[in-house]
Amino acid sequence: HHHPQPKAGKIGFKPVAPNTLDAFTIPEGYRSSVVIRWGDPVEPGAPKFDVDKQTAAAQSKQFGYNNDFVGVLPIPGRSDRALLVVNHEYTNEDLMFRGFTSQDALTVEQVEIAMAAHGLSVVEIEKVGRTGQWKPVKGRRLPFNRRITALDTEFKLTGPVAGSALVKTKADPSGRIVIGTLNNCAGGVTPWGTVLSGEENFNQYFIGGDGVSADAKAKLNRYGFVTATRYFSGSRKWDRAQDRFDLTLNPNEANRFGWIVEVDPFDPEGRPRKHTAMGRFKHEGANVIVAKSGHVVAYMGDDERFDYLYKFVSDKKYIDSKSPWARKHNLTLLESGTLYVAKVTGDSPAAEIDGTGKLPADGKFDGKGEWIKLVSGNRSFVPGMTAEEVLTFTRLAGDAVGATKMDRPEDVQPSLRTGKIYAAMTNNSNRGVGTNAKADEANPRNANKHGHIFEITETRGDHTGTTFTWELPIVCGDPASADTYFGGYDKAAVSPISCPDNVAFDSAGNLWISTDGNALGSNDGLFATPIEGKEKGHLRQFLTVPKGAETCGPFITGDDKSVFVAVQHPGEITGASVDKPASTWPDGDFAKPAVVVTWKADGGAIGS
Ligand code: FEO
Ligand code: CA
Ligand code: CA
Ligand code: CA
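Start counting the sequence shown at 98; every next residue gets the next number (full-length UniProt numbering).
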């Protein structure tokens, strides 16, 4: 397939220093600006944000909370205009409502505000001058601008589980139309101009698991639902606004979340879809590549300690054409296909993997892997489970076939330059602890605090195949510490990095990594490194985010002039509130999640 000629190239910026400032810091020679923040208008008619007079109706037209995935999709025929598509993963009610005391004390209106602050935003943006700056288009005619929420947006289920008994409810006896999307974390942009968004920790929105059958309980428990008691601390108590979140009353409602959502931002009236053929788990996100055969392959992680890596191969082939009929066809690609889970083995003797992160004698954490087929269309390959069950209770299918337990697979993305796939294993405090699985070559540190990057090379470059090789190009942490590895590069020249979460590429194929939960004590940030050649592993910190925040996105525009990041949960520190904020970013009053664009002042490529 065609790879654009690299506009980006050598990384040349001077790294920013790790810090604990309540500030967004960038390298010398760069500029940044807030593109859009929580409460800013999205849909026409959105009222001006007022933290003291917030309503669910207002929030349903305003930019939501806790921005995570960021995609920038050029508007065909307009090089100066694009659609910014953003996930809103979750809410921090303590940082959103003055006088917050507990979830139980929230008014129903406040619960509905939180539901409206979840979901996605689609915002038309325009270039500012000739630099890499972008800002929202203002005006009354904004046909693409849209809020998608957990409160009332309708979604269509596609694939083998659509219409099945597992997803039918009192409110939806058809089992095909779901209200809302939950905990949308990372995602990806497809070659046909849509966005994929992962429904991640959807369990936290439900209560009442004690009232369901023993069989249902076992499945709910595998997905982290608390079923011991009816109400429990940590629950968001959304049943107070909509009783579908009470599992005793609506046991199947839980099965309607945990999917990959596809949003077509160019179809503002259309129902977004949840693709059941891609399986149900705590989806971090999904990123696709078109295989040599033309089939579309999506790579996905299930973000839980000891959970799995997956890939989906479409039945149909991508049509590489801008014509409307081709796009219509491509929009159906993720509705049918085959789902695989990864099983990996190391090539070094087990005795050389001691759990400290010490490299084995061959000098590499590496080995082989196999994609185990779970389900293809309506045909299950897991004994004792129907295809519908494999897709709805995919974690149990992975357990049944002996998939490899990984250290929290977050974002997984293929490099369009090399076809290799990069997955962030963010951390796993429980690795090797008690009776839990011990370190193995693919997850080589017990009580893994800092995480690592897992690189997959498909056999003969065939993304539809069932075997691969793998290695760990980066084992994160303090480079001064012996348990880290940076592609063999001189560790004295490398920035410390901890808890990789999201990955992205510039057009030259440099790997960009954002972090969540820096266990080295500094703020989170964004990093860049060459991933091939002599400079492989020469990782440098590109930016840092304010206190309490995690760095999401990132997204580098096709012209390499801009990098967008989402600053998620700034000021998320225990005890902080609207009146006593731990962060006053970005406006100097109280913390607001926001999307920021960074560009080089001289118009050069990001990272140069
Ligand atoms: Fe929402 Fe796995 O991070
Ligand atoms: Ca090895
Ligand atoms: Ca994430
Ligand atoms: Ca994370």
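Backbone N, C-alpha and C fix where the C-beta goes; we use that ideal spot for every residue, glycine too.
Here the structure is a predicted model, which is why all the values come from computation and not from measurement.
- Distances between the C-beta of Ser445 and the heavy atoms of ligand 2 include at least one below 6 Å.
- Ala663 is positioned such that its CB atom lies no closer than 7 Å to that of Gly645.
- Residues whose Cβ lies closer than 7 Å to any heavy atom of ligand 3, listed in chain order: Asp165, Cys282, Ala283, Glu381, Asp400, Glu507, Asp508, Asp598, Asn599, Asp613, Cys649.
- Taken atom to atom, the span from the alpha-carbon of Val600 to that of Pro115 is near 19 Å.
- For Glu297, the CB falls within less than 6 Å of some heavy atom of ligand 1.
- Judged by their CB atoms, Trp682 and Asp165 are not nearer to each other than the 7 Å cut-off.
- Of the heavy atoms belonging to ligand 2, none sits nearer than 6 Å to the Cβ of Lys465.
- Sorting Gly585, Glu669, Ser592, Asp580 by C-alpha distance to the C-alpha of Gly614 places Glu669 at the top.
- Within 10 angstroms of the beta-carbon of Pro570 lie 16 or more other beta-carbons, which makes it buried.
- For Trp468, the enclosing beta strand (DSSP E) begins and ends at 463-473.
- For Gln207, the three-state secondary structure derived from DSSP is helix.
- Within the segment 524-556, the runs of beta strand (DSSP E) that reach at least 3 residues and sit entirely inside it are, in chain order, 549-555.
- About 6 Å separates the beta carbon of Phe241 from that of Val219, a gap short enough to meet the 8 Å contact definition.
- Burial check for Lys145: the Cβ neighbour count within 10 Å stays below 16, so the residue is exposed.
- The beta carbon of Pro457 sits closer than 6 Å to at least one heavy atom of ligand 2.
- Counting of Cβ neighbours within 10 angstroms places Arg528 among the buried residues, the total reaching 16 or more.
- Taking the CA atoms as reference points, Val323 sits about 12 Å from Val309.
- Judged by DSSP secondary structure, Gln665 falls outside any alpha helix (DSSP H) and instead within the beta strand (DSSP E) spanning 659-665.
- Collapsing the DSSP output to three states places Thr641 in a strand.
- Going by beta carbons, Asp336 and Ile304 fall inside the 7 Å limit.
- It is roughly 11 Å from the alpha-carbon of Ala544 to the alpha-carbon of Arg402.
- Shortest Cα-Cα distance from Pro173 to any of Glu647, Pro288, Asn352 involves Pro288.
- Within the DSSP secondary-structure output, Cys649 pairs in a beta bridge with Ala663.
- Under the three-state reduction of DSSP, Lys633 is assigned to coil, being neither helix nor strand.
- Proximity to Ala439 across Asp137, Thr563, Asn280, Pro369 peaks at Thr563, based on C-alpha coordinates.
- If you check the CB distance, Leu608 and Pro593 do not come in under 7 Å.
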